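Participant: Order-wise, the sequence lines are chains A, B, C and D. Per numbering that gives the first Met the number 0, the very first residue in the first sequence carries number 0; after that it's consecutive. Per numbering that gives the first Met the number 0, the very first residue in the second sequence carries number 0; after that it's consecutive. Per numbering that gives the first Met the number 0, the very first residue in the third sequence carries number 0; after that it's consecutive. Per numbering that gives the first Met the number 0, the very first residue in the fourth sequence carries number 0; after that it's consecutive. Cβ coordinates follow ideal geometry from the N, Cα and C atoms, glycine included. Only a predicted model underlies this, so the values are computations on that prediction, with no experimental measurement involved. Okay, here's the structure, questions in a sec.
4 protein chains.
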Amino acid sequence: MIYFNCDYNEGAHPKVMEMLLNTNMEQTCGYGEDMYCEKARKLIKQKCNNQDVDVHFVVGGTMANITAISAALRPYQGIICSDMGHIHTHETGSIEALGYKILNVQTDDGKLTAKQINNICKMHYQDVNYEHTVQPKMVYISNPTEVGTIYTKNELDQLYCVCREYDLYLYMDGARLGYGLCAKNSDLDLGTIASFCDVFYIGGTKQGALFGEALVISNQSLKKDFRYILKQKGGLLAKGRLLGIQFIALFENDLYFQLAQHANRMALMIKEACMQNDIPLLYDSYTNQQFPVIPNRKIHKINGKYEYILWESVDQKQTAIRICTSWATEEENVNKLIKDLYYL
Amino acid sequence: MIYFNCDYNEGAHPKVMEMLLNTNMEQTCGYGEDMYCEKARKLIKQKCNNQDVDVHFVVGGTMANITAISAALRPYQGIICSDMGHIHTHETGSIEALGYKILNVQTDDGKLTAKQINNICKMHYQDVNYEHTVQPKMVYISNPTEVGTIYTKNELDQLYCVCREYDLYLYMDGARLGYGLCAKNSDLDLGTIASFCDVFYIGGTKQGALFGEALVISNQSLKKDFRYILKQKGGLLAKGRLLGIQFIALFENDLYFQLAQHANRMALMIKEACMQNDIPLLYDSYTNQQFPVIPNRKIHKINGKYEYILWESVDQKQTAIRICTSWATEEENVNKLIKDLYYL
Amino acid sequence: MIYFNCDYNEGAHPKVMEMLLNTNMEQTCGYGEDMYCEKARKLIKQKCNNQDVDVHFVVGGTMANITAISAALRPYQGIICSDMGHIHTHETGSIEALGYKILNVQTDDGKLTAKQINNICKMHYQDVNYEHTVQPKMVYISNPTEVGTIYTKNELDQLYCVCREYDLYLYMDGARLGYGLCAKNSDLDLGTIASFCDVFYIGGTKQGALFGEALVISNQSLKKDFRYILKQKGGLLAKGRLLGIQFIALFENDLYFQLAQHANRMALMIKEACMQNDIPLLYDSYTNQQFPVIPNRKIHKINGKYEYILWESVDQKQTAIRICTSWATEEENVNKLIKDLYYL
Amino acid sequence: MIYFNCDYNEGAHPKVMEMLLNTNMEQTCGYGEDMYCEKARKLIKQKCNNQDVDVHFVVGGTMANITAISAALRPYQGIICSDMGHIHTHETGSIEALGYKILNVQTDDGKLTAKQINNICKMHYQDVNYEHTVQPKMVYISNPTEVGTIYTKNELDQLYCVCREYDLYLYMDGARLGYGLCAKNSDLDLGTIASFCDVFYIGGTKQGALFGEALVISNQSLKKDFRYILKQKGGLLAKGRLLGIQFIALFENDLYFQLAQHANRMALMIKEACMQNDIPLLYDSYTNQQFPVIPNRKIHKINGKYEYILWESVDQKQTAIRICTSWATEEENVNKLIKDLYYL
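Quick look at the structure:
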């Protein structure tokens with residue numbers, strides 16, 4: 000069985016494992032206050048053009064979302080989010096469990112527009128009884144989105160502007176940020192993101208780390224007391240250095256980006272094969288997730304050989320599936336899949 | 000200025016005030032354990048065909064919703080609700096503040112169907128990773144809905160059945176329940192509602208009381224420890240008897256239903272006037288809320304004279320408004336409005 | 000049976016009822032934005048020496064506490080509170096239900112001292128891992144306390160200073176504030192309280208109103224968006240004017256203070272009778288609650304005749320009871336009790 | 000510098016690292032549903048005498064506490080806990096953040112007694128207005144406690160009985176459970192704990208794992224839907240196998256217990272040295288934490304050479320410190336410390 004079902008089937012990139020092993024018996028203090036975390040923070044800050052950001056490490060994406068949002072919102076405030084947003088669809092109501100309403104917006108491709116945000120805020124403040132409705136205070140975007148699409152610099156700029164207008168925080172979920180930044184249609188980099196977003200995270204779990212995400216906070220008011228929130232939510236790893244070490248491995252020699260480029264290249268090989276075979280793609284993704292639409296009567300041909308995800312039923316005759324590549328995907332396996340796609 | 004903007008512009012029906020005054024200097028114990036509350040509970044139970052229900056009194060509708068839902072849900076469970084549902088639109092995220100996600104369903108007329116609920120539940124349990132999504136556990140309906148429509152006995156029966164199938168609680172928000180029960184197209188009564196719903200409330204605030212709603216719990220598992228929840232949420236009135244006394248006044252001689260009938264009659268006069276004048280109605284309501292669609296260029300004719308609510312912009316040329324009648328609406332004022340509608 | 004068990008056995012002072020009745024059929028807008036609430040706010044503001052305070056009305060004390068504290072704290076912050084504090088002992092964990100820890104302090108007489116608060120804060124910030132513990136951010140005091148004692152101006156000043164030092168909010172629960180302000184050993188007034196406290200409430204329920212408390216916010220940062228919180232927690236009364244009208248009745252001609260003085264006078268008659276009869280008093284209260292310590296073998300002599308509360312077992316032979324007077328207590332009944340105390 | 004300040008200064012035992020490395024490039028499914036987790040569950044179940052328990056793996060202790068308690072309590076219920084309990088003192092109010100009150104009990108040695116629990120419950124249910132106070136529903140104990148003491152089988156049996164009497168859940172925080180079970184004064188084993196506790200966790204982070212704790216649920220009603228809670232709180236590790244692999248390494252050949260025995264032996268060497276030198280011990284611990292009481296004027300002699308924790312000021316002249324050993328403590332370093340203790 001060849002796994003294309005997700006981007007966290009393997010452990011970590013060998014370089015990451017090596018550094019964990021080499022430092023294993025060292026004694027350090029806990030909770031991310033060791034010199035490895037310190038060094039990793041510096042590396043990430045450098046990549047953010049040395050802007051004045053705070054960097055915190057957490058084990059997983061849900062925890063990153065929980066703590067970032069918890070730091071930002073008052074009890075009566077809500078977060079604007081696409082209908083495909085991970086916090087809305089696949090985190091078992093973790094944000095509502097904190098007490099916050101998600102203000103949901105329908106999208107075609109998982110991307111929010113400045114106009115949509117503007118509409119929500121305008122409607123809110125125009126309401127005579129506006130205090131009877133949740134106050135929009137944060138915008139949640141994923142980049143790449145849950146369907147592989149990405150924001151351009153211009154689009155992010157517009158989101159930034161509407162957020163300034165209505166005093167909203169802009170938060171980017173970067174579970175697959177590397178794959179997004181290395182997409183051939185991307186014009187973003189970490190520095191730009193740090194300028195436009197109040198807080199975002201750089202995903203490690205799906206991009207070469209054993210586990211771990213780096214939360215980057217650029218807005219001063221979100222930095223204050225953040226470690227209290229980390230501890231309270233169970234997000235402060237006792238042996239915090241494990242996270243620092245991994246991010247050093249990933250960022251010291253741009254390994255993070257090299258791995259992302261590999262995954263994207265594998266994904267584009269599949270994308271092109273689909274296009275050549277008149278297999279429609281549900282979303283126009285240039286990142287590591289591809290969504291071929293397969294005739295139901297032919298789908299058995301790839302079953303048993305490949306793991307993938309049934310994404311959605313497009314119509315009565317066709318189903319979109321999700322194919323994921325990752326830093327660990329072997330070109331040989333991609334070629335096998337491509338060959339099988341030819342015969343669909 | 001004549002007020003048609005809501006159904007709580009006045010104080011209470013004179014009969015209610017009279018009973019409050021007559022008992023004012025009596026000494027009773029607090030927190031709803033006095034004999035007035037006891038008597039009011041019995042009266043309501045009788046109206047529910049003497050089914051084995053618990054009755055609790057609270058000051059307002061949001062508190063009724065907060066306590067009922069809080070009694071029912073575990074932290075990872077959610078509540079299915081129409082996109083027009085009051086808890087979704089106009090309670091400042093009170094349910095999310097308790098930690099619960101609202102599973103929102105688009106509706107044309109504010110009414111949920113058994114099929115919609117079935118779809119949500121089927122999708123949830125078919126998901127391979129279903130624990131990554133919120134578990135549907137309760138269905139929230141309003142009767143009448145926020146747009147004046149009502150459920151038939153048959154529709155409620157179907158909701159009941161799908162709730163049994165998926166082990167969901169059925170909750171009816173009855174902020175305007177009397178207006179609903181007395182609608183000429185209604186075939187429901189309190190006994191039937193107590194049979195089909197696990198919990199519901201009988202609204203007093205909008206139907207003749209100074210304030211107050213009566214929560215009726217028929218499901219055994221929701222009854223347990225309910226007073227703890229009431230106290231914790233700030234819903235246990237110190238002088239609880241004030242609520243009992245009011246519900247005695249309303250239910251002793253069916254005053255509650257007489258007042259509702261009056262309001263509905265006033266509303267239907269307006270509805271018929273609209274129909275005769277080719278003024279479209281956004282929703283086909285036979286209860287105390289009516290939604291005439293008025294050409295924008297003519298709307299100034301009723302401004303300054305009547306208070307109403309701008310409901311929604313139907314298109315660039317027309318706007319739906321909401322007209323509310325109540326137990327206190329004077330026929331004379333309705334006739335004035337009707338006359339003015341003729342000249343629109 | 001004569002009730003001395005609490006201070007909310009009756010309805011409202013006749014003057015309050017009269018004003019409710021006189022305004023009953025008027026039409027006003029809802030949610031506390033009517034002219035009665037406006038007028039009541041002005042009256043209260045005047046009593047606060049016209050300081051720049053916001054005034055909000057809620058139905059009960061638990062709701063006042065819930066909303067005031069909710070407005071002040073971030074999720075990782077806590078509230079310093081006496082072990083006798085009402086929010087700690089008798090609100091079913093309402094504050095914890097909001098997500099906040101109560102930092103409990105043992106007291107002899109229900110009163111917190113500046114030194115105790117200083118100790119807690121110093122210890123917190125001295126801790127190397129201070130983010131592993133809850134950050135103190137608010138101080139909750141009751142005045143009078145739950146055992147009838149009161150703060151002096153000097154004590155309140157000291158609390159104010161320590162709160163400034165550690166950037167804490169000072170909150171006074173004034174469920175019985177009038178009884179406190181009118182105590183013969185009190186040197187406080189509403190203006191002073193508004194200067195020293197960031198937020199406090201003036202209790203109506205136990206002091207002549209049918210129900211209702213007036214929250215007074217003097218700290219600018221707590222004022223913002225307060226009505227959102229009120230609505231979310233179920234604390235925004237639909238017919239808000241009912242609260243405004245009652246507070247007009249109470250504050251227009253200082254009725255509030257006259258009623259408190261009466262209650263205190265009744266209580267002091269009982270206190271003096273105890274002292275003359277060598278009946279110890281558990282707390283040295285000059286307000287409407289008195290705590291005589293009664294030999295267990297004699298307590299039957301007042302049972303069946305008076306309602307009171309068993310406060311605590313002092314030792315194996317004696318029990319402290321709580322006797323409450325109120326605005327409605329009749330001197331005749333106090334005299335009966337005093338006579339019976341003589342024969343204990 | 001030699002670290003005795005905590006038991007998580009190093010990474011993981013080499014055997015753990017080896018297994019992580021050997022399995023690193025394997026592809027498995029996520030979220031703990033892989034065969035490694037399955038195998039680890041079986042091993043732990045066997046150690047629990049094959050009782051019908053569910054085993055879930057989480058990254059850290061706070062998350063174990065959050066999810067276990069969240070599974071057990073309704074919003075108005077509380078958890079009885081020693082004043083030294085970790086959830087009360089050092090998790091930044093994580094339990095209150097879930098909405099639950101901690102019912103705090105003063106203890107001399109960190110251990111709760113059945114009698115204390117009985118008193119709390121009796122008082123609660125005897126209260127006339129018991130619904131005004133939080134309902135006790137769970138008992139939290141740590142074994143070993145935060146000060147190194149342990150429960151005997153008899154004591155645990157008594158706790159079990161009082162919990163059955165009042166329908167309470169018994170929860171054991173086992174962050175250092177191995178150190179407790181291997182203490183020379185312990186007569187407990189995992190099977191007994193699984194019989195007496197409704198839920199407990201076996202700590203890995205402080206006992207040889209890189210990170211990770213194994214939650215063991217024996218009460219049927221706590222098992223239901225537990226994975227929803229894990230996911231919602233951010234506790235479901237994407238590459239869940241990392242936890243399974245580590246627990247296989249620890250439990251396959253009783254490595255877990257061998258490591259604990261080593262740590263305890265190191266600690267007892269220090270304990271005996273103290274006793275021989277008339278250095279008092281604040282608590283009578285036979286586990287890996289020791290609390291020598293050091294004269295303030297001599298404490299400088301060990302500073303700069305050893306890391307330890309200042310536990311508390313015993314009086315004006317003496318301070319108790321905490322010395323931690325672990326699976327990784329080298330005997331050579333213990334001997335150095337002992338030598339220095341001689342000269343105190």
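Do I43 (chain A) and V58 (chain A) count as a contact pair if the criterion is CB distance below 7 angstroms?
Facilitator: No, these two residues do not count as a Cβ contact at 7 angstroms.
Participant: Please check the pair A208 (chain B) and L249 (chain B), which I expect to be a contact at CB under 8 angstroms, by giving their CB distance rounded to whole angstroms.
Facilitator: Right, the Cβ-Cβ distance comes to about 6 angstroms (below 8 angstroms), so this counts as a contact.
Participant: What did DSSP end up calling H131 (chain B) once you bin it into helix, strand or coil?
Facilitator: Helix at H131 (chain B).
Participant: Determine the DSSP secondary structure at G243 (chain C), reduced to helix, strand or coil.
Facilitator: G243 (chain C) falls in the helix class under three-state DSSP.
Participant: Taking C-alpha atoms, which residue in C:A272, C:K316 and C:W326 lies nearest to D339 (chain C)?
Facilitator: Here the closest residue by C-alpha is C:A272.
Participant: Would you call the stretch 182-192 of chain D in contact with the stretch 326-338 of chain C, where contact means no fewer than 3 C-beta pairs closer than 8 angstroms?
Facilitator: The answer is no - the stretch 326-338 of chain C does not touch the stretch 182-192 of chain D, with fewer than three Cβ pairs under 8 angstroms.
Participant: Which residues bound the alpha helix (DSSP H) around G358 (chain A)?
Facilitator: Because chain A here runs from 0 to 343, residue 358 (chain A) falls outside it and cannot be looked at.
Participant: If you follow the alpha helix (DSSP H) that Y159 (chain D) is part of, which residue opens it and which one closes it?
Facilitator: Per DSSP, Y159 (chain D) belongs to the alpha helix (DSSP H) from K152 to E164.
Participant: I want to verify the contact list: residues of chain B whose CB lies under 8 angstroms from the CB of C5 (chain C), in sequence order.
Facilitator: What C5 (chain C) touches in chain B: G29.
Participant: According to DSSP, what are the bridge partners of K100 (chain C)?
Facilitator: Its beta-bridge partners are C:G77.
Participant: Taking Cβ-Cβ distances below 8 angstroms as the criterion, which residues of the stretch 56-78 of chain A are in contact with chain B?
Facilitator: Under the 8 angstroms Cβ criterion, the stretch 56-78 of chain A contributes P74, Y75 and G77.
Participant: Assess contact between the stretch 74-94 of chain A and the stretch 83-93 of chain D, defined as three or more Cβ pairs (one per stretch) separated by less than 8 angstroms. Is contact present?
Facilitator: The stretch 74-94 of chain A, when compared against the stretch 83-93 of chain D, does not touch it at the 8 angstroms Cβ threshold.
Participant: Beta carbon of L229 (chain C), beta carbon of T66 (chain C): below 7 angstroms?
Facilitator: Contact: yes.
Participant: Looking at the strands, I want to know which residues DSSP matches up with H55 (chain A).
Facilitator: Bridge partners of H55 (chain A): A:L214.
Participant: According to a CB-to-CB cut-off of less than 7 angstroms, which residues of the stretch 230-261 of chain D neighbour chain B?
Facilitator: Answer in chain order: K230 and Q231.
Participant: The stretch 199-225 of chain A: which residues have C-beta closer than 7 angstroms to a C-beta of chain D, in chain order?
Facilitator: Those would be T204, L209 and F210, in chain order.
Participant: What separation, rounded to the nearest whole angstrom, lies between the Cα atoms of Y165 (chain B) and K152 (chain B)?
Facilitator: Their backbone Cα atoms lie some 20 angstroms apart in a straight line.
Participant: Is the CB of T318 (chain B) under 7 angstroms away from at least one CB in chain C?
Facilitator: No, because no Cβ of chain C sits closer than 7 angstroms to the Cβ of T318 (chain B).
Participant: Have a look at the DSSP bridge pairing and note the partners of G202 (chain B).
Facilitator: DSSP lists B:E212 as partners of G202 (chain B).
Participant: Nearest CA to the CA of D224 (chain D): which residue from B:F56, B:R73, B:M0 and B:V52?
Facilitator: Of B:F56, B:R73, B:M0 and B:V52, the residue nearest in Cα terms is B:R73.
Participant: Closer than 9 angstroms by beta-carbon distance: list the chain C residues that pair up with H131 (chain D), in chain order.
Facilitator: Within 9 angstroms Cβ-Cβ: T88, H89, E90 and T91.
Participant: Here's a check: name, in chain order, each residue in its chain whose Cβ is nearer than 8 angstroms to the Cβ of E17 (chain A), leaving out the five neighbours to either side.
Facilitator: Excluding positions up to five away in sequence, the list reads A248.
Participant: For S217 (chain A) and V15 (chain A), what's the separation of their Cα atoms in angstroms?
Facilitator: So the alpha carbons of these two residues sit roughly 27 angstroms apart.
Participant: Tell whether a beta-carbon distance below 7 angstroms holds between I1 (chain A) and N302 (chain A).
Facilitator: Result no, Cβ atoms of I1 (chain A) and N302 (chain A) do not sit closer than 7 angstroms.
Participant: Using a beta-carbon distance below 7 angstroms, is M16 (chain D) in contact with chain A?
Facilitator: Cβ-Cβ to chain A under 7 angstroms: yes for M16 (chain D).
Participant: Identify, in the order they occur along the chain, each residue of the same chain with its Cβ nearer than 8 angstroms to the Cβ of I119 (chain D), setting aside the five sequence neighbours on each side.
Facilitator: So the qualifying residues of the chain are I79, L102, V104 and P135.
Participant: Can you confirm whether the stretch 112-130 of chain C touches the stretch 253-269 of chain C when touching is taken to mean that 3 or more C-beta pairs between the two stretches lie within less than 8 angstroms?
Facilitator: Verdict: no, contact absent.
Participant: Could you work out which residue in A:A63, A:C160, A:N49 and A:I269 is closest to A113 (chain A) when comparing CA atoms only?
Facilitator: Comparing Cα positions, the closest option is A:C160.
Participant: For K227 (chain A) and chain C, any beta-carbon pair shorter than 7 angstroms?
Facilitator: Contrary to the premise, residue 227 (chain A) reads as Tyr rather than Lys in this sequence. Judged by the 7 angstroms Cβ criterion, Y227 (chain A) is in contact with chain C.
Participant: Is H346 (chain A) buried or exposed, if buried means 16 or more other CB atoms sit within 10 Å of its CB?
Facilitator: Outside the shown range of chain A, which is 0 to 343, sits residue 346 (chain A), and nothing can be said about it.
Participant: If we call anything under 7 angstroms between Cβ atoms a contact, is Y307 (chain B) one with T148 (chain B)?
Facilitator: Cβ distance not < 7 angstroms, so Y307 (chain B) and T148 (chain B) don't count as in contact.
Participant: Any C-beta of chain A sitting closer than 7 angstroms to the C-beta of K100 (chain B)?
Facilitator: Yes, because at least one Cβ of chain A sits closer than 7 angstroms to the Cβ of K100 (chain B).
Participant: Quick one: which unbroken alpha helix (DSSP H) runs of 4-plus residues sit fully inside the stretch 247-335 of chain C? Chain order, please.
Facilitator: Complete alpha helix (DSSP H) runs here, min 4: 254-275.
Participant: Along the chain, where does the alpha helix (DSSP H) containing M18 (chain C) start, and where does it finish?
Facilitator: Residues P13 to N21.
Participant: Determine, for A266 (chain D), whether the minimum Cβ-Cβ distance to residues of chain A falls below 7 angstroms.
Facilitator: Output row for A266 (chain D): interface = no.
Participant: Distance check for C47 (chain D) and K205 (chain A), CA to CA, integer angstroms please.
Facilitator: Computed Cα separation, rounded: 35 angstroms.
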